[in-house]
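Worksheet: one structure, shown below.
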Amino acid sequence: MINRKTEKAFIQKKMKSGKAELLVIYGRRRVGKTYLLENSFDSPLFFTADLSSPKQLMNNFMNPLKKILDLPDSLRISNWNEFFQFLANAVRTFKTKQAIIFDEFQYIPQKDDSFLSIFQKWWDKEFSKLPVVIVLCGSYVGMIEKIALSINSPIYGRRTGQYLVAPMNFFDASLFLKKMDIENRI
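According to this note's numbering, the sequence shown is numbered sequentially starting from 123.
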């Protein structure tokens, strides 16, 4: 990873804290947010959202939990409360603090407007008391600000950290091209 030391240090500090953490990591597309998260945690539970139906998202998200909890592949869930119950159970099986990443997070409340209030309930009731770092990561800056950072958001006041991942500047980007002279880097 080239010159994302500040971002990685921020994430690692949260992972080492003695409390549950709810992070919002955001920035425009193609700045390396997913790569940063994949390389900042050991074996995170990684859920990537898309524009599938809420039921399809829930059941896609269940796949890694089925392995952790030794559940049958045929198991299907029908609501977010069931998903979060399984997720909380999975977190309890880990011996150390666990990272849970929801990548492309903005798609979830876009497809199901009940998600944020249900997540808020589970954060307050369960996850805020568990050894966990939950990362909500997204690309549409305005949407992330509205659904995760705004005073009108159900999860307002619950985040323990946020980081706007900026595009690399010229110096950082030129580190990819060390063998070229400065003229060709430009």
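Beta carbons: idealized from backbone N, C-alpha and C, even for Gly.
Values in this document were obtained by computation on a predicted structure and should not be read as measured data.
Leu258 by DSSP, collapsed to three states: which one? As a position in the sequence shown, residue 258 is number 136, starting the count at 1. Strand, per DSSP.
Roughly how many whole angstroms lie between the Cα atoms of Asp172 and Trp202? As a first step, residue 172 must be located in the sequence shown, where it is residue number 50. As a first step, residue 202 must be located in the sequence shown, where it is residue number 80. Going by the C-alpha atoms only, they are around 16 Å apart.
For the stretch 171 to 220, list the alpha helix (DSSP H) runs that are entirely contained and at least 4 residues long, ordered along the chain. You should have 176 to 191, 202 to 215.
Take the Cβ of Tyr148 as the centre, count every other Cβ of all protein chains shown within 10 Å, and call the residue buried at 16 or more, exposed below. Counting from 1 along the sequence shown, the entry for residue 148 is found at position 26. Tyr148 should be labelled buried.
Beta-carbon separation (whole angstroms), Gln232 vs Val146, contact threshold 8 Å: Residue 232 sits at position 110 when you count from the first residue of the sequence shown. Residue 146 sits at position 24 when you count from the first residue of the sequence shown. The pair is not a contact, with the Cβ atoms about 16 Å apart (cut-off 8 Å).
Got a sec? Which residues, its chain only, sit under 6 Å from Pro176 by beta carbon, not counting five neighbours each side? As a working note, residue 176 is residue 54 in the sequence shown. Same-chain partners within the cutoff: Lys233, Asp234.
Just curious, the beta strand (DSSP E) that Tyr229 is in, first and last residue? As a working mapping, residue 229 is identified with position 107 in the sequence shown. Unbroken run through Tyr229 is the alpha helix (DSSP H), 229 to 233; no beta strand (DSSP E).
Measuring straight from C-alpha to C-alpha, what distance separates Lys130 and Ser162? In the sequence shown, the residue the question calls residue 130 occupies position 8. In the sequence shown, the residue the question calls residue 162 occupies position 40. Taking the straight line from one Cα to the other gives about 6 Å.
Out of Ala210, Gly260, Thr128, which has the shortest C-alpha to C-alpha gap to Trp244? Reading the sequence shown from its first residue, position 122 is the one you call residue 244. The alpha carbon of Trp244 has as its nearest neighbour, out of Ala210, Gly260, Thr128, the alpha carbon of Ala210.
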